[in-house]
Amino acid sequence: MRGLSLDPNLPPMDPAVSPSSGTDAQRLLVALERLLGRAMGINMPVYGRFARLPPLPFASLWFAAYAVVAAAIVVASERFGTRSDPRFVSLILWGLGYFTAVLFLARAATLRAMDTVRRDILPYATHSFVAAVAADLEGRAAGLAVRAVPVIAAVLAMIASGIALAWEQPSFGSDHLRPERIFWTALAFYLCFAAARGVLVGRFYEPFARNLGLARERFYVLAAAETPLVRGVASLGQQMVAFWAMIFLAIASIMLLALAPLGTYGFTGRSPLLAFVVPTAGFASLGYGSLIYLRSEAGIRSTLRRFALAQAEGLQRRCNERLDPLAERMPDDAADVERMSGWHDRILAGARYNNRLGTGFSFALPFVMPLLSLAQFVLGGH
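Per the working numbering, the sequence shown starts with residue 12, numbered consecutively.
Right, here's the structure in full:
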């Protein structure tokens with residue numbers, strides 16, 4: 012872990028308010044930063060002071076670099092006398108906006124996640140919880156899946172998109188050596204790779220929810236769902252599902268290329284490419300992210316329920332000691348039993364954890380745009 016330093020854009024954690032040891036906390040933060048990189052797993056080759064820019068300058072830097080390269084491609088096409096295909100020009104321009112938006116959102120999400128861990132989780136965590144989460148994050152950062160799966164996914168996506176392009180009417184033509192086509196192919200491969208890597212890295216909050224039971228001693232007995240640690244872990248999941256929703260909207264913006272006013276620059280009618288990109292990218296981003304979110308929410312809910320049932324069981328045993336009509340035991344003071352019964356109900360009620368809005372949103376949204384894309388493909392003009 013030598014050579015890694017924590018992002019200076021984040022405020023330092025005050026060790027005086029953290030029950031977890033400084034070593035464990037530092038280990039977790041270093042593992043998390045190694046996994047997330049500068050922008051949610053999208054490891055751009057940025058060095059020196061540019062590596063730690065805030066979201067807007069970070070994305071603007073790459074917007075400028077992309078624009079310069081794209082302009083050079085257009086100039087190269089004219090210089091070598093090849094006619095640019097207008098639809099590839101449209102794809103390159105869309106990629107400029109999408110690429111910039113993703114970098115901005117990913118950088119902002121990374122900084123927000125690190126800040127949440129520092130401010131809302133570590134100060135309330137236990138040693139065992141922090142150590143377990145750190146070990147899990149270290150395993151994810153060093154795992155082969157983070158490197159191999161994105162490459163495989165990008166290759167499969169490129170094959171599928173190539174087939175979709177071949178079905179476009181009219182044909183894109185047989186000149187595969189056009190500069191803009193070569194540039195788009197390389198860019199699309201990287202975008203698919205980065206998206207797949209971001210999806211895998213975006214699962215980073217799973218171990219926080221899964222190991223929550225290791226910090227049960229920090230739970231509030233009468234309001235377990237309001238425990239700061241529980242709320243902090245839940246906040247991570249909510250931030251990520253919001254992040255994937257924004258990424259999904261950025262992906263869905265490719266539907267703008269189907270607008271009729273674009274003419275030869277647009278993908279009008281039944282576009283196989285658009286019909287392929289929106290559903291698959293939508294399910295691969297927000298769809299998969301929503302499944303992880305729902306699983307995380309279920310883990311939090313299950314941990315709180317087990318905690319509440321264990322606490323309530325202790326009260327029930329006390330009640331049985333005082334009230335058991337079959338054993339002819341009756342309480343001398345009925346108010347004592349009533350008081351314990353009230354505590355029992357409050358413990359169970361305080362552990363109820365529901366985020367219906369977030370759960371319903373994460374479950375429903377992945378199906379919306381794929382259906383719209385399918386409708387556009389089926390009902391679109393020839």
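Where is the CB? At the ideal position from N, CA and C, for every residue including glycine. What you are looking at is a predicted structure, and each value in this text was computed from that prediction instead of being measured.
Check, Outcome
"Taking Cβ to Cβ, would you say Gly243 is nearer than 8 Å to Ile132?", "yes"
"Mind listing, in chain order, the continuous beta strand (DSSP E) runs of no fewer than 3 residues lying wholly within the region 95-147?", "none"
"Where does Gly184 fall in DSSP's three states?", "Residue confidence is low: Gly184 scores 48 on pLDDT, short of 50, so the model does not pin down where it sits. No coordinate-derived value is stated."
"Can you look up Asp344 in the DSSP assignment and give me helix, strand or coil?", "coil"
"Our contact map puts Val162 next to Ala36 with C-beta atoms below 8 Å; I'd like the distance itself, whole angstroms only.", "That pair is no contact at about 34 Å."
"Can the beta-carbon of Arg340 be found less than 8 Å from the beta-carbon of Arg350?", "no"
"For Pro272 and Gly154, I'd like the C-alpha separation in whole angstroms.", "47 Å"
"In the DSSP assignment, find the alpha helix (DSSP H) that holds Phe230 and state where it starts and stops.", "Counting along the chain, Phe230 falls outside any alpha helix (DSSP H), and DSSP gives it neither H nor E."
"Drop a sphere of 10 angstroms on the beta-carbon of Ile170, count the other beta-carbons inside from all chains shown, and report buried for 16 or more, exposed for fewer.", "exposed"
"Taking only runs of the alpha helix (DSSP H) that begin and end inside the region 199-233, which ones reach a length of at least 4 residues, in chain order?", "217-221"
"State yes or no: is the C-beta of Glu149 within less than 8 Å of the C-beta of Ala82?", "no"
"When the Cα atoms are used, what is the spatial distance from Val100 to Gly224?", "53 Å"
"Mind checking Phe278: buried by the 16 CB within 10 Å criterion, or exposed?", "buried"
"What's the gap between the Cα of Ile262 and the Cα of Ser246?", "24 Å"
"Got a sec? Which residues, its chain only, sit under 6 Å from Trp255 by beta carbon, not counting five neighbours each side?", "Ser296, Leu297, Gly300"
"Between the alpha carbons of Ala269 and Arg98, how many angstroms are there, rounded?", "11 Å"
"With a threshold of 7 Å on Cβ separation, who are the neighbours of Ile358 within its own chain once the five nearest residues in sequence on each side are excluded?", "Val232, Leu233, Ala319, Gln322, Ala323"
"Under 6 Å Cβ to Cβ from Phe69, same chain only, skipping five residues before and after it: list those, please.", "Arg118"
"Alpha carbon to alpha carbon, how far is His138 from Ala165?", "39 Å"
"Relative to the C-alpha of Val212, which residue among Thr34, Arg49, Arg38 is closest?", "Arg49"
"Short check: CB of Leu315 to CB of Ala235, under 8 Å?", "yes"
"Considering only residues of the same chain and omitting the five flanking positions on each side of Arg329, which have a CB-CB separation below 7 Å?", "Met351"
"Less than 8 Å separating the beta-carbons of Arg229 and Tyr135?", "yes"
"Which residues in the same chain have their Cβ closer than 8 Å to the Cβ of Gly184, if we skip the five residues on either side of it in sequence?", "Residue placement at Gly184 is poorly supported in this model, since its pLDDT is 48, which falls under 50; the coordinates still yield a value, given next. For Gly184, where only same-chain residues beyond five positions count, the Cβ hits under 8 Å are Asp96."
"Where does Phe194 land, buried or exposed, given buried means 16+ other C-beta within 10 angstroms?", "buried"
"Can you give me the start and stop residues for the alpha helix (DSSP H) that Ile170 sits inside?", "156-177"
"Alpha carbon to alpha carbon, what distance is there between Leu107 and Leu40?", "32 Å"
"Count the other CB atoms within 10 Å of the CB of Val80; is the residue buried (16 or more) or exposed (fewer)?", "exposed"
"Figure out for me which residue from Gly248, Leu202, Glu179 has the closest Cα to the Cα of Ser307.", "Gly248"
"Would a C-beta distance cut-off of 8 Å place Phe8 and Ala206 closer than the cut-off?", "This structure cannot speak to residue 8, because the chain is shown only from 12 to 393."
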